[in-house]
Structures are given as C-alpha cells and as structure tokens.
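Novice:
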Amino acid sequence: LRNLIRDLENGGELIPEEINNKKEEPSSPKGSSRHDELVDSFNKNYEEQNYEASLNIARQLVDIKPTFQYYVMRGMANEALKYYAKAIQDYREALRIEENPLVLFQLSNVYSEIGSYSNSIEGVEKLINSYSSDWPFDLATLYNNKAFALLKLKRYEESSPWIDKALDLNKTLWYIWDTKGELEYQLGNYEDAITAMTKANELNPHYNSLYYRGLSYIAIGKSQKGCMDLAKSSGMGNKEADKAIELECDF
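The letter at position 176 of the sequence shown is residue 185 when you use the numbering used here, and the numbering goes up by one with no holes.
1) Which residue comes first and which comes last in the alpha helix (DSSP H) that contains E46?
2) Take N301 as the anchor and find which of Q98, K91 and S225 has the nearest alpha-carbon.
3) Among the residues of its own chain, which have a CB less than 6 Å from the CB of F260, if the five just before and after it don't count?
4) For S232, which option in E255, T76, K155 and I97 has the closest C-alpha, if you only look at C-alpha atoms?
5) With a cut-off of 8 Å on the beta carbons, I'd call Y126 and A156 a contact; round off their distance for me.
6) Return the CA-CA distance between N153 and S42, expressed in angstroms with no decimal places.
7) A202 and D187: beta carbons closer than 8 Å?
8) Could you spell out where the alpha helix (DSSP H) holding Y220 opens and where it closes?
9) Spatial neighbours of Y80 within its chain, please: C-beta separation below 8 Å, excluding the five flanking residues on both sides.
10) Please determine, among Q115, N118 and I185, the residue with the shortest C-alpha to C-alpha distance to H215.
11) Excluding the 5 residues flanking F146 on each side, which residues of the same chain have their C-beta closer than 7 Å to its C-beta?
12) Under 6 Å Cβ to Cβ from Y120, same chain only, skipping five residues before and after it: list those, please.
13) In terms of alpha-carbon separation, which member of A67, L116, K248 and N217 lies closest to V133?
14) So, I123 versus Y93, is the Cβ gap smaller than 8 Å?
15) Q69 and L90 - do their beta-carbons sit closer together than 8 Å?
16) What three-state label does DSSP hand E33 in the structure shown?
17) Counting C-beta neighbours from all protein chains within 10 Å, is the total for S141 16 or more, i.e. buried, or is it exposed?
18) What is the DSSP secondary structure of K241, counted as helix, strand or coil?
19) Starting from the Cα of Q195, find the closest Cα among N118, R164 and M245 and give me that residue.
20) Do L192 and A149 come within 8 Å of each other at the CB atom, strictly closer than that value?
21) Does the beta-carbon distance from S63 to A96 come in below 8 Å?
22) Shorter than 8 Å from the beta carbon of A86 to some beta carbon of chain B?
23) Quick check on DSSP: helix, strand or coil for D143?
24) Reducing DSSP to helix, strand and coil, say where D259 ends up.
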C-alpha cells in the first residue's frame, strides 16, 4: 500500500482494466505546498512507525479533501495502530471511490484479523476471479487466504483443496505451509501437520507453526518434542501455548 501511495503521488495507475470501475473523485490539490508537506510528513512518519502522527496527518488530509488516496493513507495508519474497525471504514470508503486490488486485498486481510472470515472470503473471491499477474501478490497467496478463512470457519473439507492449490503454485511461502499444517491438525492428520509445520519453520520460524507442531507431537505420543515446541511458541508470546503447557507438560 505504501507503494500505491507513492504511485498515486506520481500520477501512476495500479488498477487493471478488467476491474477498473473508477468513479469520479475530487482532484487532489497537487499544487498545494501544504498538501505536499502533509503527504511527505505522512510517509516519513509511517516509514519510521510513528503511526499516531501518521494518523493525525491523514485525518487532516481527509478533512482537506476526501479522496481515494487520503482514505487509503488513513486506513493504513488505523490498521497499523490496530484500530481495525476504523481501518475497515477507511478502506471501504476508498473502494467506493475506485476499485483497487491492493486496497481490496488489504481490506480482506483486516477482516480476517478481526475474525470476520466470511467478509474476508468475499474479498478474496473477487480478487481470485479478477486476478492479474501484474499485481504485487500472487495467486497462491489468495488461495491460501481463502483456505485460511475456511479453516477458521471450521469448513475443513472446503479448505483442503484451496490450500493444495496454493502449494501447487508456490511452495516457498511459510504461511501457506502454516495454513496446511493447522488444517491437517484439525483434521486429525498429525503426521502431515508435523511435516507441514516443519517446512513452515524452515522457511520462517513462527509461534503458530511451533504451536501446532507441538500439539501434533503430543497427539502422537511424542510429548518431549511437543513440549519443546510449545515452549518455543510461548517464548514468542503465544498465550495459547502457555495454556497448552499447563495441560500437557511437566515444566
């Protein structure tokens, strides 16, 4: 999304023709030095993770003129601060002005973050149906995101073919293996869950992969290995691992 903002500032266009149902929006005050100062200040603060400052600047910009660009900027700041309801509102306002795959992708991710998985699936399906290889995220990630949302909705059998399609396209992304491992755990396929989570951890150690691999080891009677994984997951801040350790481990 930061690249989207930069592109917009330079007069660029990231919207593929097939989903470009652009509505009219007020023109940005490009000649305004105040505008330039605010946008530069937003970018600087956002890059430096000063999200409260970024949010205050984005609010000023929206007040000046409620454009697609400014709603996206405010949504980015709200999302970074975990003000998810406000981020959703901003991204939806931006999409009312013009449809854009990056913003729709981000909106779908925020819906997933708050557990609104049906809404997340709706956005992902739109992106899958209109997918272009020019976009900065691949089709495997979209398949994974749909599989993950279905998994969280406990629609395991529906999730399975989507995660397999994701892996057919890309085996190098840790989070696809992580989704695969969690799904296999929920299906009771503990050996497959261990294999998938091991691959996920080789690519990028993550508390969720360690957590479900630990539970899977315990489920097949390898409690020592399982508890070691749970301890590592706990050390990364996973509170669910703490609960599992209390129930399953001696330390």
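For each residue, glycine too, the CB sits at the ideal point set by N, CA and C.
Specialist: So, from the listed chains and residues:
1) Along the sequence shown, read from residue 1 onward, the residue named residue 46 stands at position 37. Start and end: S42 to E56.
2) In the structure as shown, the chain begins at 10 and stops at 260. Residue 301 is therefore absent and cannot be evaluated.
3) For this step, residue 260 is matched to residue 251 along the sequence shown. The answer is none, since no qualifying residue turns up.
4) Sequence index remark: in the sequence shown, residue 232 carries index 223 (1-based). Cα-wise, what sits closest to S232 is E255.
5) Counting from one through the sequence shown, the residue named residue 126 turns up at place 117. Counting from one through the sequence shown, the residue named residue 156 turns up at place 147. Contact flag wrong, Cβ pair sits at about 11 Å.
6) Position 144 of the sequence shown, counted from the first residue, corresponds to residue 153. Position 33 of the sequence shown, counted from the first residue, corresponds to residue 42. Distance between the alpha carbons of N153 and S42 is about 43 Å.
7) Working through the sequence shown from its first residue, we reach residue 202 at position 193. Working through the sequence shown from its first residue, we reach residue 187 at position 178. Not closer than 8 Å, so no.
8) As a first step, residue 220 is located in the sequence shown; it is residue number 211 there, counting from the start. First-last of the alpha helix (DSSP H) with Y220: Y216 to A228.
9) The residue you call residue 80 lines up with position 71 of the sequence shown. Once the five neighbours on either side are set aside, the close Cβ partners of Y80 are V71, D99, Y100, E102, A103 and I106.
10) Start at 1 with the first residue of the sequence shown, and residue 215 comes out as number 206. Selected option, being the one with the closest Cα: I185.
11) Stepping through the sequence shown from its first residue, residue 146 is reached at position 137. Same-chain partners within the cutoff: F114.
12) Position 111 of the sequence shown holds residue 120. Once the five neighbours on either side are set aside, the close Cβ partners of Y120 are N128 and S129.
13) For the purposes of this step, residue 133 is taken as the residue at position 124 of the sequence shown. Comparing Cα positions, the closest option is L116.
14) Position 114 of the sequence shown, counted from the start, is the residue given in the question as residue 123. Position 84 of the sequence shown, counted from the start, is the residue given in the question as residue 93. For I123 and Y93, yes; Cβs fall inside 8 Å.
15) Translated into positions along the sequence shown, residue 90 becomes position 81. Translated into positions along the sequence shown, residue 69 becomes position 60. Against a cut-off of 8 Å, the Cβ pair of Q69 and L90 comes out as no contact.
16) Here residue 33 is taken as the residue at index 24 of the sequence shown, counted from 1. With a pLDDT of 41 at E33, under the threshold of 50, the predicted position of this residue should be treated as unreliable, though the coordinate-derived value follows. The answer is coil: DSSP assigns E33 none of H, G, I, E or B.
17) As a working note, residue 141 is residue 132 in the sequence shown. Looking at its Cβ environment, which holds fewer than 16 other Cβ atoms inside 10 Å, S141 is exposed.
18) By one-based count along the sequence shown, residue 241 stands at place 232. K241: helix per DSSP, three-state reduction.
19) For this step, residue 195 is matched to residue 186 along the sequence shown. Of the candidates N118, R164 and M245, the one whose C-alpha sits nearest the C-alpha of Q195 is R164.
20) On the sequence shown, position 140 is the one that residue 149 refers to. On the sequence shown, position 183 is the one that residue 192 refers to. Their beta carbons are not under 8 Å apart, which means A149 does not touch L192 by this criterion.
21) Within the sequence shown, the letter at position 54 stands for residue 63. Within the sequence shown, the letter at position 87 stands for residue 96. Cβ atoms of S63 and A96: not closer than 8 Å.
22) The structure shown contains no chain B; it is built from a single protein chain.
23) Taking the first residue of the sequence shown as position 1, residue 143 is located at position 134. Note: D143 maps to coil in three-state DSSP.
24) Residue numbering aside, residue 259 sits at position 250 when the sequence shown is read from its first letter. Coil.
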